[in-house]
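Okay, structure first, notes after.
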Amino acid sequence: MSNKHGRIRAKAKDGGIGVRALISHPMETGSRIDPATNQAIPRHYIQQVICEHNGEIVLSLDWGWGVSPKPYLAFHIQHGQPGDSVVIRWTDDRGESSSLETKVG
Amino acid sequence: MMQRRELLETGFMAAAMVAVGLGGLLPARARSDIAPDVWPERAFHAEAIDAAIAELFGDRSAEDSARITLTAPDIAENGRVVPVEVAADLPGVGTITVLSDGNPYPLLARAHITPAVAARVSIRVKLGQSANLIALVEASGKLYRATRAVKVTAGGCGG
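Keeping their order, the protein sequence lines are chains A and B. Counting from 12, one number per residue, gives the positions in the first sequence under the numbering used here. Counting from 475, one number per residue, gives the positions in the second sequence under the numbering used here.
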């Protein structure tokens, strides 16, 4: 699935599910200078990521501003099948939350 | 009348105390075992790698382990986007933590692994300069470490 928040793919693999996602977020460190204004671009980054398989939390991550812009995340769910639901939710340091969801193909 | 009022007041006091007691208990009871820990603010703001590790793991020492596979390019042409994969062939993996000893803020990311997923996570990180990537894996109550040097030929703009 793809939307303005990013892209997610979940494919049945080895009896489990391979999940790959790209999240649309600038992941600003706070130390970059905007050449137009000569001012530092404020720090802005995702802090927490929660990954769910059929509604159960299977993986969560704490991120800092050292994670790349437009963050990539890949992981493998041990047991699953086509049609299962996979959701990735995140919250950034400004309290903004978004999510990506898909069905396993 | 006085007696009745005293009784009522006593009853009120008791009800209030029960309510306060419940208020204290409820947040703890609502917490789930699988809910992620609170985001480790002090560790992410630590400017020395030892301080970041101490914030997360106290004074526990890490043992180098060949059962952790830390995959990253030997040479990163763009320090802003360096792919990193950590895979741990260890039983009972709880967390995987990734740090860089060359960044102004060394802690990059931490993953909380459940038995429902493989102990293998891929992300991309910023490296401000050539540095060592360090993966720390908590497994069955012990702490294990793997290290990998990455040469950066273009900067990661802090990190």
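Ideal Cβ placement from N, Cα and C applies to all residues, glycine included.
Chain B residues whose Cβ lies nearer than 9 Å to that of residue i
i	result
A:Trp74	Trp513, Phe518, Leu582, Ala583, Arg584 and Ile597
A:His16	Near A:His16 there are no residues of chain B at all, since even the closest Cβ is about 17 Å away, more than 9 Å.
Nearest neighbour of residue i, chosen from the options [CA to CA]
i	options	result
B:Ala520	B:Gln603, B:Asn577, B:Arg594 and B:Ile608	B:Asn577
A:Thr102	A:Trp74, A:Asp25, A:Gly26 and A:Ala47	A:Trp74
B:Met548	B:Ser614, B:Ala526 and B:Ser604	A quick correction: the sequence has Asp, not Met, at residue 548 of chain B. The candidate whose alpha carbon is nearest that of B:Asp548 is B:Ser604.
A:Glu137	A:Ala47, A:Leu72 and A:Trp76	This structure does not reach residue 137 of chain A, given that chain A is present from 12 up to 116, and the question cannot be answered.
B:Ala613	B:Pro514, B:Asp563 and B:Ala526	B:Asp563
B:Ala585	A:Thr113, A:Phe86, A:His36 and A:Leu72	A:Leu72
B:Leu544	B:Thr571, B:Ala522 and B:Pro565	B:Thr571
A:His55	A:Gly29, A:Ser108 and A:Glu112	A:Ser108
Through-space distance from residue j to residue i, alpha-carbon basis
i	j	result
B:Ala623	B:Leu573	12 Å
B:Gly497	B:Val512	In this prediction, B:Gly497 scores a pLDDT of 41, lower than 50, which makes its location untrustworthy; the coordinate-derived value is nonetheless stated afterwards. Cα to Cα, B:Gly497 sits roughly 20 Å from B:Val512.
A:Ser96	A:Ile61	14 Å
B:Val591	A:Gly94	18 Å
B:Asp524	B:Gly532	10 Å
B:Ser596	A:Gly106	25 Å
A:Lys24	B:Leu607	29 Å
A:Glu67	A:Ile34	20 Å
B:Gly602	B:Ala546	15 Å
B:Leu610	A:Ile57	21 Å
A:Ala85	B:Pro589	16 Å
A:Asn14	B:Phe518	30 Å
A:Pro82	A:Asp104	15 Å
B:Ala488	A:Gln59	Any reading at B:Ala488 is ruled out, since the residue's pLDDT is 49, under 50, leaving its predicted position unreliable.
B:Ala561	B:Ala628	27 Å
A:Ile44	B:Tyr579	18 Å
B:Glu529	B:Ala522	11 Å
B:Pro565	B:Leu581	24 Å
A:His87	B:Pro514	25 Å
A:His64	A:Val30	10 Å
A:Pro53	A:Gly26	44 Å
B:Ile542	B:Asn552	25 Å
B:Asp575	A:Asn49	29 Å
B:Lys600	A:Met12	26 Å
Proximal chain A residues relative to residue i, where beta-carbon distance stays under 9 Å
i	result
B:Lys600	Met38, Thr40, Trp76, Gly77, Val78, Ser79 and Pro80
B:Ser574	Gly77
B:Tyr579	Thr40, Gly75, Trp76 and Gly77
Check whether residue i and residue j have beta carbons under 8 Å apart
i	j	result
A:Ala32	A:Ser42	no
B:Tyr618	B:Glu559	no
A:Gln89	A:Val115	no
B:Ala583	A:Val69	no
B:Pro557	B:Arg598	yes
A:Pro80	B:Arg554	yes
B:Ala526	B:Val626	no
A:Ile99	A:Ile28	no
B:Gly568	B:Ile587	yes
A:Ala6	A:Thr113	Lying before the first or after the last residue shown, residue 6 of chain A is absent from chain A, which here runs from 12 to 116.
A:His36	A:Leu111	no
B:Ser539	B:Ala620	yes
Residue i: contacting residues in chain A (beta-carbon distance under 8 Å)
i	result
B:Asn606	What B:Asn606 touches in chain A: nothing, since even the nearest Cβ is about 14 Å away.
B:Arg594	Phe86 and His87
Near-chain B residues of the segment 70–94 of chain A (beta-carbon distance less than 8 Å), N- to C-terminal order: Of all residues in the segment 70–94 of chain A, Leu70, Ser71, Leu72, Asp73, Trp74, Gly75, Trp76, Gly77, Val78, Ser79, Pro80, Pro82, Tyr83, Leu84, Ala85, Phe86, His87, Ile88, Gln89 and His90 have a Cβ within less than 8 Å of some Cβ in chain B.
Contact set between the segment 531–561 of chain B and chain A, restricted to residues whose Cβ is under 7 Å from the partner: Answer in chain order: Arg554 and Val555.
Cβ-based contacts, 7 Å cut-off: residues of the segment 38–62 of chain A near chain B: Residues Thr40, Ser42, Arg43, Gln58, Gln59 and Ile61.
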